[in-house]
Amino acid sequence: MKIVACVKRVPTTEAQAKVSADGTNIDPAGLQYTLSFYDEIAVEKAVLLKEAAGGAPEVVVLSLGPTDGSKELRECLAKGADRVLLVKDEQWAGHDARATAKLLAAQIGGLGADLALFGRVATDRDNAAVGPMVATLLGWACVTDVVALDVAGGKGVAKRESEAGIETYEFALPAVVTCQKGLAEPRTAGLKGIMAAKKKPLDEVSAAIEPNQAVVAKLELPPARPAGRIIGKGADAVPALMAALRTEAKVL
Amino acid sequence: MSTIVVHVEQVGGATRRASLEVLGAARGVASSVVAVVSGDGAANAANQLGNQGADRVVVLKGAGTSPDALARDVAKVCKDTGAKGFLAASTGTGRDLAPRVAALLDSTLFADCTALAASGGSFSVKRTWLAGKLVANLTSKAPVLCATLRRNTFAPVERQASAEIVHTDASTDFKAVLKDVAAKVGGKLDVSEAPVVVSGGRGLQAPENFALLEKLAAAFGNAAVGASRAVVDMGWRPHGDQVGQTGKTVAPQLYVAVGISGAIQHLAGMKTSKVIVAINKDPEAPIFKVADYGIVGDAFEVLPALTAAVAAARAQG
Chain A
1 MKIVACVKRV PTTEAQAKVS ADGTNIDPAG LQYTLSFYDE IAVEKAVLLK EAAGGAPEVV
61 VLSLGPTDGS KELRECLAKG ADRVLLVKDE QWAGHDARAT AKLLAAQIGG LGADLALFGR
121 VATDRDNAAV GPMVATLLGW ACVTDVVALD VAGGKGVAKR ESEAGIETYE FALPAVVTCQ
181 KGLAEPRTAG LKGIMAAKKK PLDEVSAAIE PNQAVVAKLE LPPARPAGRI IGKGADAVPA
241 LMAALRTEAK VL
Chain B
1001 MSTIVVHVEQ VGGATRRASL EVLGAARGVA SSVVAVVSGD GAANAANQLG NQGADRVVVL
1061 KGAGTSPDAL ARDVAKVCKD TGAKGFLAAS TGTGRDLAPR VAALLDSTLF ADCTALAASG
1121 GSFSVKRTWL AGKLVANLTS KAPVLCATLR RNTFAPVERQ ASAEIVHTDA STDFKAVLKD
1181 VAAKVGGKLD VSEAPVVVSG GRGLQAPENF ALLEKLAAAF GNAAVGASRA VVDMGWRPHG
1241 DQVGQTGKTV APQLYVAVGI SGAIQHLAGM KTSKVIVAIN KDPEAPIFKV ADYGIVGDAF
1301 EVLPALTAAV AAARAQG
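Here the protein sequences come in this chain order: A and B. Using the working numbering, the first residue of the first sequence is number 1, and each one after it goes up by one. Using the working numbering, the first residue of the second sequence is number 1001, and each one after it goes up by one.
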């Protein structure tokens, strides 16, 4: 069995977003990067499934990203993944969901994977699209926003968090699962893992990617919220707050 | 002018508010709106959809148990009608469905859009990137514009019109199938759809103190209780209640943040709320920078007073 965990390098939550001079790109100057929060859960779940199966399944971390992102990818190896396949692309952050999904679907198909795990959403573009798109392109089963997952005998059972409650799905492999918080708690890499990671393969390949259908016309900073005010202190301020909500904000 | 297909969500025959908003948005950019509705109660919901903006309704009989089968059925409606657009609500269901439909139509996805416009035969949208730190104005070169629309952002329409209703059998082959739904306790409102959200953070000091927020939510009557990442990570509240970059994005009429300092990660999930009220002991807390109204004070003192005032205001109507 082969499990692929797909990861994306994204700016950190604390990053100050700036627009490039031409108004259509994110200015990368000074940005710090990390793996997208939910992608770390995907890697952890892949490693947990491998460990639960006695170490037999191979865990491949797949990423479309820049060469200088290999620090984050090495960390995945230190946490238990077997190898990394990096599709090198210095423009990795600029592709739309369809272009990315087509490229990853071809790679995942080529790897002969049984299960592909994605984070439920990448925290930069907030599309939550690539996982289900890859599944659809490959004709695979897909369950999104998964908080519990069991895989055995070529079949899977996944619990999905929805507005209605917790939904349970059954499916046959191969499948795509997108990982929600709660599915697994990413581990910290230990010294042993870090040493082992140095000997694991991190293969870089190049691949053609389709042009975007989502074209950036303009990036801008969001309009600033009008300045608010402190109504007062403690419970004594409640009547003034109620008056403001009723007559000024008109939300009561 | 063009045809737009809308996936409509309904519960027991009542169309969800989020879908009414999508129908309203579709009406604004299309000459013809085709609604696709499925699940128990779909036929009842269909009868109202003409008044809510649809010209034509496709009822998928027997659908609702497989997300991949639903996507194929919806994509087929898009192809059969020659649709130039496919829209769904930015709900859990919509965000699961839309990328699958987009892939079947060889189109990309525009997720969680806050504006939608059509001009000269092409569509453009607005949406936020990097947790709300940037607004992206995007133009679609996709054969079919596939988009999900942020809740509480587009206005529903009300009109007197009847839609043509077509019943069709849902596809019966599927890859993944729904076996069970463990419904939420007491049918509580989800934070992402409630008109009022009252959220608590570390300032509430202990999980049992969220009872104070539950009481405030009950006083509002239409409120859901949310939580900061810190208290979810400590296990005080379920992850489904988390508001923020790694939780849910909410845009209610009124957002009340209690004992929440206002980390970037939290602000990302709530700063497009219409009105924000912050209650915090620390006058320097960053939450006051995005709040319209702030009270500096102890949550344990302010919350009961606020709950009583809201209950009294509602009693007066």
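Glycine included, every Cβ here is placed at the ideal spot set by N, Cα and C.
Residue 1199 (chain B) by DSSP, collapsed to three states: which one?
-> In the displayed model, residue 1199 (chain B) falls within a strand according to three-state DSSP.
Alpha-carbon to alpha-carbon, residue 20 (chain A) and residue 55 (chain A) = Going by the C-alpha atoms only, they are around 46 Å apart.
Pull out every residue of the stretch 213–227 of chain A whose Cβ sits closer than 7 Å to any Cβ of chain B, in chain order.
-> Within the stretch 213–227 of chain A, the residues whose Cβ lies closer than 7 Å to some Cβ of chain B are 213, 214, 215, 216, 217, 218, 219, 220, 221, 222, 225, listed in chain order.
Which residue from A:135, A:119, A:165, A:240 puts its Cα closest to that of residue 98 (chain A)?
-> Residue A:135 is the option with its Cα nearest to residue 98 (chain A).
Is the Cβ of residue 206 (chain A) closer than 9 Å to any Cβ of chain B?
-> Not one chain B Cβ lies under 9 Å of residue 206 (chain A).
So does the stretch 1204–1224 of chain B actually touch the stretch 1261–1275 of chain B, counting three or more Cβ pairs closer than 8 Å?
-> Output reads no: the stretch 1261–1275 of chain B does not touch the stretch 1204–1224 of chain B.
Can residue 1290 (chain B) and residue 1254 (chain B) be called in contact, C-beta distance under 9 Å?
-> In this structure, residue 1290 (chain B) sits away from residue 1254 (chain B), with a CB-CB distance that is not shorter than 9 Å.
Report the residues of the stretch 234–248 of chain A with a CB closer than 8 Å to any CB of chain B, ordered along the chain.
-> For chain B, the residues of the stretch 234–248 of chain A that bring a beta carbon within less than 8 Å of one of its beta carbons are 234, 235, 237, 238, 239, 241, 242, 244, 245, 246, in chain order.
Identify each residue in the stretch 119–149 of chain A for which the Cβ-Cβ distance to at least one residue of chain B is less than 7 Å, and report them in chain order.
-> Taking 7 Å as the Cβ-Cβ cut-off against chain B, the residues of the stretch 119–149 of chain A that qualify are 123, 124, 125, 126, 127, 128, 129, 132, 133, 136, 137, 140, 141, 142, 143, 144, 145.
Examine chain B for any beta-carbon lying closer than 9 Å to the beta-carbon of residue 9 (chain A), and answer yes or no.
-> Output row for residue 9 (chain A): interface = no.
Proximal chain B residues relative to residue 49 (chain A), where beta-carbon distance stays under 8 Å = Here the premise fails: no neighbours, minimum Cβ distance about 18 Å.
Output the distance between the C-alpha atoms of residue 1080 (chain B) and residue 1004 (chain B), rounded to the nearest integer angstrom.
-> Residue 1080 (chain B) and residue 1004 (chain B): Cα-Cα distance of roughly 12 Å.
Extent of the continuous alpha helix (DSSP H) run through residue 1032 (chain B) = In the DSSP assignment, residue 1032 (chain B) falls outside any alpha helix (DSSP H) and lies within the beta strand (DSSP E) extending over 1032–1038.
Residue 193 (chain A), enclosing alpha helix (DSSP H) - first and last residue | Segment 191–197, the alpha helix (DSSP H) holding residue 193 (chain A).
Using DSSP with H/G/I as helix, E/B as strand and the rest coil, what is residue 953 (chain B)?
-> What is shown of chain B runs 1001 to 1317, which leaves residue 953 (chain B) out entirely.
Please check if any C-beta of chain B sits within less than 9 Å of the C-beta of residue 45 (chain A).
-> So no, residue 45 (chain A) is outside the interface.
Please say whether residue 1144 (chain B) and residue 1105 (chain B) have beta carbons closer to each other than 9 Å?
-> Yes, these two residues count as a Cβ contact at 9 Å.
According to DSSP, which residues form a beta bridge with residue 6 (chain A)?
-> Beta bridge pairing from DSSP links residue 6 (chain A) with A:62, A:118.
Cα-Cα, which of B:1141, B:1053, B:1048 is closest to residue 1025 (chain B)?
-> The residue with the shortest Cα to Cα distance from residue 1025 (chain B) is B:1053.
Does the beta-carbon distance from residue 79 (chain A) to residue 43 (chain A) come in below 9 Å?
-> Yes, they are a contact pair.
Chain-ordered neighbours of residue 252 (chain A) on chain B, where CB pairs are closer than 7 Å = What residue 252 (chain A) touches in chain B, judged by beta-carbon distance under 7 Å, is 1313, going in chain order.
Under a CB-based cut-off of 9 Å, is residue 209 (chain A) close to chain B?
-> Under the Cβ distance rule, residue 209 (chain A) does not count among the residues neighbouring chain B, no pair being separated by less than 9 Å.
Kindly give me the distance between the Cβ atoms of residue 214 (chain A) and residue 1032 (chain B), rounded to whole angstroms, as I take these residues to be in contact under 8 Å.
-> With 8 Å as the limit, residue 214 (chain A) and residue 1032 (chain B) do not qualify as a contact, their Cβ atoms being about 25 Å apart.
Determine which residues share a DSSP beta bridge with residue 152 (chain A) and list them.
-> According to DSSP, residue 152 (chain A) bridges with A:155.
Could one say the Cβ of residue 1306 (chain B) lies closer than 9 Å to chain A's Cβ atoms, at least one of them?
-> Judged by the 9 Å Cβ criterion, residue 1306 (chain B) is in contact with chain A.
Apply the 10 Å Cβ neighbour rule to residue 229 (chain A) and answer buried if 16 or more other Cβ atoms are within range, or exposed otherwise.
-> Taking every protein chain shown into account, the CB of residue 229 (chain A) has fewer than 16 other CB atoms within 10 angstroms, so this residue is exposed.
At 3 residues or longer, and completely inside the stretch 203–250 of chain A: list those beta strand (DSSP E) runs for me, N to C.
-> Those beta strand (DSSP E) runs which fall completely within the stretch 203–250 of chain A and span 3+ residues are 214–220, 229–233.
Touching by the beta-carbon criterion (3+ pairs, under 8 Å), the stretch 149–158 of chain A and the stretch 1113–1127 of chain B = Remark: fewer than three beta-carbon pairs, one from each stretch, lie closer than 8 Å, so the stretch 149–158 of chain A and the stretch 1113–1127 of chain B are not flagged as touching.
Residues bridged to residue 1168 (chain B) by DSSP?
-> DSSP, once it has assigned bridges, lists B:1060 as partnering residue 1168 (chain B).
In terms of alpha-carbon separation, which member of A:17, A:57, A:69, A:61 lies closest to residue 34 (chain A)?
-> Across the set A:17, A:57, A:69, A:61, the C-alpha of A:69 shows the shortest separation from the C-alpha of residue 34 (chain A).
Residue 1263 (chain B), DSSP secondary structure in three states = Of the three classes helix, strand and coil, the one that applies to residue 1263 (chain B) here is coil, per DSSP.
In three-state terms, what does DSSP make of residue 1127 (chain B)?
-> The answer is strand: DSSP assigns residue 1127 (chain B) an E or B state.
Using the C-alpha atoms, what's the distance from residue 198 (chain A) back to residue 1103 (chain B)?
-> Whole-angstrom Cα-Cα distance: 38 Å.
So what's residue 1253 (chain B) in DSSP terms, helix, strand or just coil?
-> Residue 1253 (chain B) sits in coil when the DSSP states are folded into three classes, being neither helix nor strand.
State yes or no: is the C-beta of residue 1268 (chain B) within less than 9 Å of the C-beta of residue 1201 (chain B)?
-> Against a cut-off of 9 Å, the Cβ pair of residue 1201 (chain B) and residue 1268 (chain B) comes out as no contact.
Chain A contact residues for residue 1137 (chain B), given Cβ-Cβ distances below 8 Å = Here the neighbours are 216, 217, 218, 219, 220.
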